[in-house]
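The opening position of the sequence shown corresponds to residue 1 in full-length UniProt numbering, with each subsequent residue numbered one higher.
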Amino acid sequence: MFSRLAISSRLQQLAHQLQIPSFRASPITTKTYATMVDHSKWKFNHTMLRVKDPQKSLDYYKLLGLSLVNKIEFPDNKFDLYFLAYDGPKSASPGHHFSDREGVLELTHNYGSENDSSFTINNGNKDPHKGFGHICVSVDNIQAACQRIEDAGYKFQKKLTDGRMRSIAFALDPDGYWVEIIGQNNVDATKDIKTTETSAYRFNHSMIRIKDPEKSLKFYQEVMGMTLLRTSEQKEAGFTLYFLGYPGDFEVPKPEDTPNGVNPLAQKEGLLELTWNYGTEKEEGKVYHNGNDEPQGFGHICISVDDLDQACQFMEDKKVNWKKRLTDGRMKNVAFVLDPDEYWVEIIQNETLKK
């Protein structure tokens, strides 16, 4: 076999003899292909909140119909993790492994905080530490659902009857986190119904405030592979809401098929709401608190993926800002990425889809 150099030299000689303009042989190049991932198999798995007293928090969220689907104890590190989700026959993912779900709430308890009078939670809604906003549960009959929460002795940040928006409420959990309550049915159609079935509830979304929607939408769509499912512009109030998620088998109802005044995504779980207050994109430096700097509260959101190594390589190719790579530290089964506002995004393996 002739070497590439020999062939090139012979071609140069022939070109000279035939008076063809001389040329050089092209160098051999190796094309690098980007890592491919299947975002259709990814799930917005959970939202993590730190809590002071786990029993009080568990009692509250069980009142809302959530079930404890997993608990991970770390006695050496002095903290426990509680994973709650809707798990009844009518739920979106009955009986699924906790990593193979959307709409999971992770509560993190650091031992001893329940007995520490100085320990408080930052709920993300007070200046100068605003960032995380709320979680949201959609319910069948909103008036009856809110009355049930109030009858159990819990407070509200906003009742249905407060303000101009009479179709949403904000309840307060034991740590002061805001829990938005929205209806799956028209608010006028449910006003005289006195009962509510928690088996119909959905952990609908988690809200975080963002500085620059262009950067955040690019990150969550192009890196995390989410789809922008709904945009709600509130120009007079000076803000816009973006709702993103993994559609999966969920079909967004057409406007004509949605009862008047009902959020078309009310039946879905695993939504991320990004709130953009106009003008923040022009401010210098960080605008929002990520919940992991002091004072702490909200911890992270989490995406479960079909192939953890492949997903992390994809993110490496996208040049994400890492908080923790898979290879960092002792825990080799989780990674953390920072979004444009430095909120933490955990990446875990969907154990049901593990190859």
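Glycine is no exception: its CB is placed at the ideal position from the N, C-alpha and C atoms.
{"Item": "Span separating the alpha-carbon of Y82 from that of D306", "Value": "23 Å"}
{"Item": "Terminal residues of the beta strand (DSSP E) in which A171 lies", "Value": "168-172"}
{"Item": "Every unbroken beta strand (DSSP E) inside the segment 113-186 [3 residues or more]", "Value": "132-139, 156-158, 168-172, 178-183"}
{"Item": "Extent of the continuous alpha helix (DSSP H) to which D317 belongs", "Value": "308-317"}
{"Item": "Residues of its chain near A144, where Cβ-Cβ distance is below 8 Å and the 5 sequence neighbours each way are ignored", "Value": "T190, I193, K194, T195, T196"}
{"Item": "Whole-angstrom distance between R325 and S216, CA atom to CA atom", "Value": "21 Å"}
{"Item": "Cα-Cα separation, R24 to N290", "Value": "Note on R24: pLDDT 40, under 50, position unreliable in the model; no value is reported."}
{"Item": "Helix, strand or coil at residue 369 according to DSSP, with G and I counted as helix", "Value": "Residue 369 lies beyond the range of the chain shown here (1 to 355); nothing can be said about it."}
{"Item": "Secondary structure, beta strand (DSSP E): runs of 3+ residues fully inside the UniProt domain \"VOC\" (202-350)", "Value": "202-210, 227-234, 239-245, 271-277, 298-305, 321-324, 334-338, 344-349"}
{"Item": "Paired residues, beta bridge with M48 - DSSP", "Value": "E106, H300"}
{"Item": "For Y60 and M173, believed in contact at Cβ under 8 Å, the rounded distance", "Value": "It should be noted that the sequence gives Asp, not Met, for residue 173. Confirmed, Cβ separation roughly 5 Å."}
{"Item": "Own chain residues within Cβ distance below 7 Å of E73, not counting five before or after", "Value": "D80"}
{"Item": "Rounded separation between D328 and S93 - CA only", "Value": "32 Å"}
{"Item": "From S113, D100, K126, W42, residue whose alpha carbon lies closest to that of K52", "Value": "S113"}
{"Item": "Nearest-angstrom Cβ-Cβ length linking I208 and G131, presumed shorter than 8 Å", "Value": "6 Å"}
{"Item": "N350 versus P264 - alpha carbon distance", "Value": "28 Å"}
{"Item": "Among K155, F98, M165, G88, the one whose alpha carbon lies nearest that of G176", "Value": "K155"}
{"Item": "Reduced DSSP category for Y82 - H, G, I as helix; E, B as strand; rest coil", "Value": "strand"}
{"Item": "Y343 to V37 span [Cα, whole Å]", "Value": "23 Å"}
{"Item": "Coarse secondary structure for L58, derived from DSSP in three states", "Value": "helix"}
{"Item": "Buried versus exposed call for S232 [16 or more other C-beta atoms within 10 Å across all chains shown]", "Value": "exposed"}
{"Item": "Q165 versus K159: straight-line alpha-carbon distance, rounded", "Value": "For clarity, residue 165 is Met in the given sequence; the question names Gln instead. Their backbone Cα atoms lie some 10 Å apart in a straight line."}
{"Item": "Where the beta strand (DSSP E) through S40 begins and ends", "Value": "Counting along the chain, S40 falls outside any beta strand (DSSP E), and DSSP gives it neither H nor E."}
{"Item": "Helix, strand or coil at L353 [DSSP, three-state]", "Value": "helix"}
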